[in-house]
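Trainee: Pasting in a structure now, in structure tokens, and then I'll have a few things to ask.
Numbering (full-length UniProt numbering), first residue to last: 1 to 404.
Structure, rendered in structure tokens:
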């Protein structure tokens, strides 16, 4: 049997006055996800355990069927795995955002530095390496605003804050604090000084772009250890994503990473290329996890119309073509599920610890009365999971196999 996870990162939302009390997901045109509900079942799940932050790494690992009581050490070591950065036992990895601050009052203006391009961002990382890298801290370039800093022989118990959680807020209360925080905070403060007169910012100003004001370090942790998916569930998997975090998840659990040219993690991503890559991968693996970042980025940016567009494009250009292929090629030998990892409401502009709706269709699934894919499934859906690992078991029909 073939299995597909359609993961629209941050896709669910809260009701909005601007939409007459509806959500972005409710007003978006999603005929293909609606059809998944109509031909299958709708329900809800909560992907973040109470004792852990509502991060995309944590929530996606939950969807993948992983309990995070052991093995999980933090977000950044997972991204390091995606980037091919080998961590020693004493290394601590940090996500390094390129951010824009309001100079007059030290407020987080843009956690993505205007969704800086990867090419331009790499020039900034090279500039920072020349001025800040030493025996203690190393810089590694990533994608767009997302990069990596490794503290050799570092400490990890400090408190750090994701920059997307403090949009339009003063940064001072959210700088790293606690045990071992001083060297990290000093590095961030030095980056502000270095970047203030950076020639690259002068070039951005001429082009009407916002400056890169600082690096922001967060999500720290040491090298993780996860059981391989094939050992856990007996299935071979592949990951299709634009972001290092999810590539790192794939590397950590033994999934094959599939690169798609033009996959950006934003609303201009190559949706069609992702769908085609999924279709081709199904010939070789048992499960494909197709992750789309653009709804989440739109939510963090507070851009409602972008989020609606991202959801509609995800449905039309990814879910539709892949579902058509599954139905024509695999008939009654597949199961597919569509869901977000967590909500990223446009008014909140960060992740919330709320249940998310899912739609599952395919072999041996008896349809329930639900017909629309949106947050109404939180109430009217037929299945409400309290342990996110149950969703993967449903998708793989594990309990059914045991009972047969």
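Don't be surprised by glycine CBs; every beta carbon is placed ideally from N, CA and C. Since the model is a prediction, treat every value here as computed from it, not as a measurement.
With DSSP as the reference, identify every bridge partner of residue 319, one or two as the case may be.
Mentor: Position 319 of the chain shown, counted from the first residue, corresponds to residue 319. For residue 319, which the question treats as bridged, DSSP gives no partner whatsoever.
Trainee: Considering only the beta carbon of each residue, do residue 81 and residue 257 sit closer than 7 Å?
Mentor: The count along the chain shown starts at 1 and reaches residue 81 at position 81. The count along the chain shown starts at 1 and reaches residue 257 at position 257. Cβ distance not < 7 Å, so residue 81 and residue 257 don't count as in contact.
Trainee: Is there contact here, the region 108-128 with the region 220-237, by at least three beta-carbon pairs under 8 Å?
Mentor: no
Trainee: So residue 410 is in the beta strand (DSSP E); what residue range does that whole segment cover?
Mentor: Since the displayed the chain opens at 1 and closes at 404, residue 410 lies outside it and no answer follows.
Trainee: Take the Cβ of residue 156 as the centre, count every other Cβ of all protein chains shown within 10 Å, and call the residue buried at 16 or more, exposed below.
Mentor: Position 156 of the chain shown, counted from the start, is the residue given in the question as residue 156. So residue 156 counts as buried.
Trainee: In chain order, which beta strand (DSSP E) runs of at least 3 residues are fully inside the region 91-166?
Mentor: Counting only runs of 3 or more, we get 92-102, 107-110, 137-143 and 146-151.
Trainee: Got a sec? Which residues, its chain only, sit under 6 Å from residue 289 by beta carbon, not counting five neighbours each side?
Mentor: Along the chain shown, one-based indexing puts residue 289 at 289. Counting only Cβ-Cβ distances below 6 Å, and skipping sequence neighbours, we find 5 and 239.
Trainee: Please classify residue 199: is it buried, with 16 or more other beta-carbons within 10 angstroms of its beta-carbon, or exposed?
Mentor: Stepping through the chain shown from its first residue, residue 199 is reached at position 199. Exposed, since its Cβ has fewer than 16 Cβ neighbours within 10 Å.
Trainee: Just to confirm my understanding: we take residue 277, look at its own chain, exclude 5 residues before and 5 after, and list those with CB closer than 6 Å. What are they?
Mentor: Residue mapping note: residue 277 aligns to position 277 of the chain shown, counting from 1. Cβ within range, chain order: 240, 258 and 260.
Trainee: Check the C-beta distance from residue 93 over to residue 148 and give it rounded, since I have them as a contact under 8 Å.
Mentor: Indexing the chain shown from 1 puts residue 93 at position 93. Indexing the chain shown from 1 puts residue 148 at position 148. Their Cβ separation, rounded to whole angstroms, is 6 Å, which keeps residue 93 and residue 148 in contact under 8 Å.
Trainee: Could you pull the start and end residues of the beta strand (DSSP E) that residue 236 belongs to?
Mentor: For the purposes of this step, residue 236 is taken as the residue at position 236 of the chain shown. Careful: residue 236 lies outside any beta strand (DSSP E) and carries neither H nor E.
Trainee: Just confirm the distance between the C-beta atoms of residue 295 and residue 310, as a whole number of angstroms; I'd bet it's less than 8 Å.
Mentor: Against the chain shown, residue 295 aligns to sequence position 295. Against the chain shown, residue 310 aligns to sequence position 310. Right, their Cβ atoms sit about 4 Å apart.
Trainee: In the DSSP assignment, find the unbroken alpha helix (DSSP H) run with residue 310 in it and report its ends.
Mentor: On the chain shown, residue 310 is found 310 positions in, with the first residue counted as 1. Where residue 310 is concerned, the enclosing alpha helix (DSSP H) stretches over 304-314.
Trainee: For residue 43, I'd like the list of residues in its chain whose CB is within less than 8 Å of its CB, leaving aside the five on either flank, ordered along the chain.
Mentor: One-based indexing of the chain shown puts residue 43 at position 43. Non-local C-beta neighbours of residue 43 in its own chain, meaning closer than 8 Å and more than five positions away in sequence, comprise 357, 358, 360, 377, 381, 382, 383, 384 and 385, ordered along the chain.
Trainee: Under 7 Å between the Cβ atoms of residue 373 and residue 30?
Mentor: Your numbering for residue 373 matches position 373 in the chain shown. Your numbering for residue 30 matches position 30 in the chain shown. Yes, these two residues count as a Cβ contact at 7 Å.
Trainee: Quick one: what does DSSP say residue 403 is sitting in, helix, strand or coil?
Mentor: As a first step, residue 403 is located in the chain shown; it is residue number 403 there, counting from the start. Only weak support exists for where residue 403 lies, its pLDDT of 39 falling under 50; the coordinates are left without a value.
Trainee: May I have the straight-line CA-CA distance separating residue 437 from residue 98, to the nearest angstrom?
Mentor: Within the shown structure, residues of the chain are numbered from 1 to 404, placing residue 437 beyond reach of any answer.
Trainee: Going by DSSP, what residues sit across from residue 336 in a beta bridge?
Mentor: Mapped onto the chain shown, residue 336 falls at position 336. Answer is 4 and 361, bridged to residue 336.
Trainee: Could you say if the region 66-74 and the region 223-235 meet the contact criterion of at least three C-beta pairs nearer than 8 Å?
Mentor: Taking a cut-off of 8 Å on C-beta distances, the region 66-74 touches the region 223-235, as three or more cross pairs fall below it.
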